[in-house]
Structure formats: structure tokens, C-alpha cells
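These notes are about the structure you will find just below.
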């Protein structure tokens with residue numbers, strides 16, 4: 060009865076599309092407009108860094124949207140754009156004092172995403188010298204860009220500093236913003252805020268109060284507002300020009316949409332056995348309605364009844380009325396409004412301790428960390444909406460170009476985006492926009508983002524930057540690069 064969620068088997072995966080047009084077109088000259096791209100710095104998180112397939116590696120960094128933009132800027136006076144590259148092996152991963160703290164990147168082996176084989180070679184403590192224009196830091200939240208010591212390698216083991224920023228920070232006490240401003244930039248990009256909700260989301264909505272070791276809270280509105288406005292104001296001081304982007308709902312990423320809520324297929328004998336097992340629980344709900352004030356509507360939501368055919372997984376929902384004092388746990392069947400995280404695909408249907416009667420997601424409800432419930436997703440939406448209002452206001456107040464990344468994601472989810480011969484969507488593995496970690500773009504996805512940033516810059520500053528050809532960027536990276 061074990062339920063395995065199988066990965067989509069690709070009969071053919073085209074890594075680089077080669078459809079080209081032979082038509083000769085006379086193009087208008089590329090101009091900078093009122094912008095000055097001679098010294099460009101990029102601030103942000105893993106998206107700015109070029110993180111992809113669950114790791115940071117050189118080829119992914121080269122295909123980051125800031126690196127793509129920098130090439131476009133070079134056509135109109137843009138200067139050198141230095142990136143703190145990882146090792147030339149292109150496997151990804153990080154070492155700290157010789158111990159692996161981040162594994163290698165994923166690739167699609169024809170049946171499933173698997174890690175690239177081989178040792179990790181990028182050592183955090185091998186500090187890079189020089190000044191870097193790409194200041195994207197995987198894992199960074201809004202306020203981390205202002206945090207002194209965020210690049211202090213000695214704080215990495217305790218989680219007080221970033222292993223990524225520690226590799227290239229100008230000093231142990233500096234901030235990401237300070238390292239940007241010290242370069243006297245003439246133009247900047249700022250895309251930050253996704254991680255202010257992402258950790259909460261990927262952890263299934265488990266907070267640090269619920270689990271100090273694994274929880275991750277949503278950044279408060281006040282903290283985000285203070286950090287973001289400080290970043291935008293200081294970067295734009297003196298009339299400097301730049302581009303900022305708002306945030307999509309992270310719950311729309313493939314990480315939360317790949318695993319269906321109802322992957323459990325049962326026959327009549329299995330149904331009878333499972334329903335017998337949940338009879339006591341269902342009886343407790345009836346008792347709670349009659350004696351404990353539980354509403355009939357909530358009891359109906361919580362009732363567990365399996366049927367022949369497809370069934371939803373059973374989950375723990377801490378937003379339900381707490382009846383544990385009466386030995387009635389907070390269980391209910393998942394619905395279409397609940398989002399199972401990507402790693403749940405290999406966990407649902409496994410056995411607890413090898414016991415064939417203890418099936419995760421079926422007879423044993425999934426713990427909170429495996430599911431972003433509809434209430435948790437609603438919390439993320441409320442926070443993201445507020446962050447986006449702050450970002451839009453900061454862009455207007457400082458005269459900055461603005462990218463509506465939320466609208467781009469909405470397009471990718473609802474029908475996809477077409478560019479010439481190419482169609483991109485948010486579909487996991489085959490959609491062309493996202494990498495195998497289900498959160499970060501692949502090379503073509505980053506190229507799409509760069510084009511959208513260029514469009515916004517052109518609209519605001521009268522530039523005539525050209526879009527890059529998406530066909531020149533891979534859909535997925537192969538095992539060897």
C-alpha cells in the first residue's frame with residue numbers, strides 16, 4: 060500500500076534550444092538614456108547570486124540576472140562586474156574548515172533529480188580578495204543586508220553569519236550595504252524580501268516558537284519596512300539610479316505545487332482497514348460537538364473517511380481547535396488549499412519503523428513541516444502584500460525603476476510566458492523557468508528575469524537595452540559542465 064510519487068520521466072529534455080531566425084533585422088542603437096551604468100552593484104539574495112538546483116556554482120553564477128544585465132550594460136558604458144565565483148568544478152556546495160555544510164547541485168538523471176557526484180571544493184574560510192559587484196547572498200533576508208558581522212566567518216557555525224558573504228566580505232564587521240556603497244556605484248539593483256517569508260514556507264509554517272532548532276518566522280512588517288527603506292534611501296542618495304523588484308507569492312513556486320494533495324490510491328480492503336483505524340478519532344469529534352463546543356462544520360472538516368481510489372493525505376493542523384486535552388488530536392484530510400512541500404514526495408507512503416500499518420500521510424498524519432496549510436499560506440500572502448506595498452512606495456519615493464515580479468510569476472503559473480519560439484511556465488522540471496530545487500530559476504528563468512529588469516530600466520530611464528535571446532540559455536544543467 061506504500062504510495063510512491065514518481066518523478067516525471069522525460070523522454071527527451073532539450074538542454075539548449077537552437078531555433079533561430081535567419082531574418083536580417085536592422086536594430087536601433089543601444090543607449091543608456093539618463094542612466095549611468097559605469098559602476099553597477101547588485102544587492103539581493105540567492106536570486107541575485109544565481110543560486111540554482113539547490114546550490115551555488117560558477118556556471119549558475121555566470122547566468123545570474125545581474126551578470127546578464129552587466130553584459131547588457133557593458134554595451135552602453137558599463138564597467139567591470141566582479142562576482143565571487145565558487146570553484147571551477149561547477150558541482151556547488153560549501154565546506155567550512157573541511158566539513159561539508161552545503162551539498163552539491165542537483166541534475167536530472169532521466170528519472171529524478173539527484174546530486175552531482177564528487178567532493179565539495181569551495182571552502183568558506185578561503186577568503187576571496189578584491190571588490191565584488193554582485194553582492195547577492197543566498198539566504199539573506201532584508202535586514203541581513205544591514206547587519207554588521209553578517210560576513211564574519213567565525214559566526215557561521217552558530218548561524219550568526221552567512222557562509223556565502225563570509226567568503227567575500229571586505230571585513231568581518233562590514234555589512235552588505237556598506238560594501239556596496241564603498242564602491243560609489245552609479246547604478247544598482249535591489250531584489251530582496253523573498254527569504255523574509257521563504258524559510259517559514261519551506262519549513263511548512265513551523266515557527267521558532269514551535270521548534271527553536273528548525274523554525275523560521277515571517278519577518279515583521281515593521282522590521283521589513285525599516286530595513287527596506289534604509290536600503291533604498293541610502294542606495295539612491297544623491298540621485299543615484301537603480302531598479303527594484305517586488306515579490307511573488309512564494310507559495311506559487313514549484314516547491315509547493317509539484318506534490319498533489321491527494322496522491323494516496325486505495326483499494327476496498329485498504330479502505331476498510333484504515334476507516335476502522337480512524338473510527339475512534341471520528342467518534343471523538345462527534346463527542347466534541349455534543350459536549351465540548353466544537354462546531355459541526357469543523358468536525359466535518361476534521362473527519363477522516365477513506366474511499367476507494369484517490370485520497371488526500373492526512374495532516375496535522377495546529378490551527379484546528381485544540382482538543383488534545385481530551386485525547387483528540389488535530390488531524391484532518393488535506394484539501395486543494397493545502398500545499399505539500401517538495402520533499403514530501405519521497406516521504407508520503409513510507410513506513411514508520413518498518414511497520415506496514417504505520418504509513419506516513421495515511422494512517423500516520425503528516426507533521427506540520429511537510430505541509431504549508433491554507434492558513435499558513437494566507438499568513439504569507441498578507442506579509443507579502445505588505446512588503447510589496449513598501450517596495451512600490453520606496454521605488455516611487457526614490458525615483459527608481461520597478462519590476463513587477465509578482466505579475467511575472469502570475470503569468471508563469473497561469474498559462475506561461477511566450478517569447479518567440481519559446482514557452483516558459485512554472486511547471487516543475489519541464490516548464491523551463493525553474494531549476495530542480497523548485498524554488499530558484501534555471502538559466503533560462505534568470506535570462507527572463509534579466510529581460511524584465513531591462514524592460515523596467517528602459518521604461519524609467521529612456522534606455523534602449525536589448526533583450527537577450529532566451530534560446531541561448533539552458534533549461535536544465537547536465538551532470539557535467
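Numbering (our numbering), first residue to last: 60 to 540.
Using N, Cα and C, we set each Cβ at its ideal position, and we do this for glycine too.
Keep in mind that this is a model prediction, so the values were computed, not measured.
In or out: residue 535 buried (at least 16 other Cβ within 10 Å) or exposed?
Residue mapping note: residue 535 aligns to position 476 of the chain shown, counting from 1. Residue 535 is buried by the Cβ-count criterion.
Keeping to the same chain, check which residues put their C-beta closer than 6 Å to that of residue 260; ignore five residues upstream and five downstream.
Locating residue 260 in the chain shown gives position 201, counting from the first residue. For residue 260, where only same-chain residues beyond five positions count, the Cβ hits under 6 Å are 309, 431 and 439.
Taking the C-alpha atoms as reference points, what is the distance between residue 501 and residue 275?
The count along the chain shown starts at 1 and reaches residue 501 at position 442. The count along the chain shown starts at 1 and reaches residue 275 at position 216. One C-alpha to the other measures close to 26 Å.
Give me the DSSP bridge partner(s) of residue 182.
Taking the chain shown and counting its residues from 1, the one referred to as residue 182 is at position 123. Answer is 154.
Between the CA atoms of residue 382 and residue 365 - distance to the nearest angstrom:
Translated into positions along the chain shown, residue 365 becomes position 306. Translated into positions along the chain shown, residue 382 becomes position 323. Approximately 22 Å, taken between the alpha carbons.
CA-CA distance, residue 73 and residue 211?
On the chain shown, position 14 is the one that residue 73 refers to. On the chain shown, position 152 is the one that residue 211 refers to. Reliability of the predicted coordinates at residue 73 is poor, the pLDDT of 36 falling under 50, and the value obtained from them is presented with this limitation in mind. Roughly 42 Å separates the two Cα atoms.
Which first and last residues belong to the alpha helix (DSSP H) in which residue 347 is found?
Counted from its first residue, the chain shown places residue 347 at position 288. Note, residue 347: alpha helix (DSSP H), 338-350.
Please report the straight-line C-alpha distance between residue 414 and residue 426, rounded to a whole angstrom.
Counting from 1 along the chain shown, the entry for residue 414 is found at position 355. Counting from 1 along the chain shown, the entry for residue 426 is found at position 367. Cα-Cα distance, rounded: 18 Å.
For residue 312, tell me which candidate among 469, 129 and 178 has the shortest Cα-Cα distance.
By 1-based counting over the chain shown, the position of residue 312 is 253. Checking every option, the nearest Cα to that of residue 312 belongs to 469.
If residue 244 and residue 99 are in contact, beta carbons under 8 Å, what's the gap, nearest whole angstrom?
In the chain shown, counting from the first residue as 1, residue 244 sits at position 185. In the chain shown, counting from the first residue as 1, residue 99 sits at position 40. Residue 244 to residue 99, Cβ: 7 Å. Contact.
According to the neighbour-count rule (16 or more other Cβ atoms, all chains shown, within 10 Å of its Cβ), is residue 164 buried or exposed?
Within the chain shown, the letter at position 105 stands for residue 164. Buried.
Assuming residue 346 and residue 390 form a contact by the criterion Cβ under 8 Å, report the distance between their Cβ atoms to the nearest whole angstrom.
Within the chain shown, residue 346 is the residue found at index 287, counting from 1. Within the chain shown, residue 390 is the residue found at index 331, counting from 1. About 15 Å; that fails the 8 Å criterion.
Using the rule of at least 16 other Cβ atoms within 10 Å of the residue's Cβ for burial, across every protein chain shown, is residue 89 buried or exposed?
Taking the chain shown and counting its residues from 1, one reaches residue 89 at position 30. With fewer than 16 neighbouring CB atoms inside 10 Å of its own CB, residue 89 falls in the exposed class.
Through-space distance from residue 198 to residue 293, alpha-carbon basis
Position 234 of the chain shown, counted from the start, is the residue given in the question as residue 293. Position 139 of the chain shown, counted from the start, is the residue given in the question as residue 198. Computed Cα separation, rounded: 22 Å.
Leaving out the 5 sequence neighbours to the left and right, which residues in its chain are closer than 6 Å to residue 203 when beta-carbon positions are compared?
Numbered from 1 along the chain shown, position 144 holds the residue referred to as residue 203. For residue 203, same chain residues with a beta-carbon under 6 Å away, outside a window of 5 residues either side, are 209 in chain order.
What are the boundary residues of the alpha helix (DSSP H) that residue 450 is part of?
Your numbering for residue 450 matches position 391 in the chain shown. Element bounds for residue 450: 433-457.
According to DSSP, residue 129 sits in a beta bridge with which residue or residues?
Residue 129 sits at position 70 when you count from the first residue of the chain shown. Answer is none; residue 129 lacks a bridge partner.
CB contact flag (residue 39, residue 102, <9 Å):
The structure shown does not extend to residue 39, since the chain spans only 60 to 540, so no value can be given for it.
Where the alpha helix (DSSP H) through residue 507 begins and ends:
Position 448 of the chain shown holds residue 507. That run of the alpha helix (DSSP H) goes 502-520.
Please confirm whether residue 121 and residue 108 have their CB atoms less than 9 Å apart.
Sequence index remark: in the chain shown, residue 121 carries index 62 (1-based). Sequence index remark: in the chain shown, residue 108 carries index 49 (1-based). Not closer than 9 Å, so no.
How is the alpha helix (DSSP H) around residue 467 delimited, first residue to last?
Counted from its first residue, the chain shown places residue 467 at position 408. In the DSSP annotation of this structure, the continuous segment of the alpha helix (DSSP H) that includes residue 467 starts and ends at 464-472.
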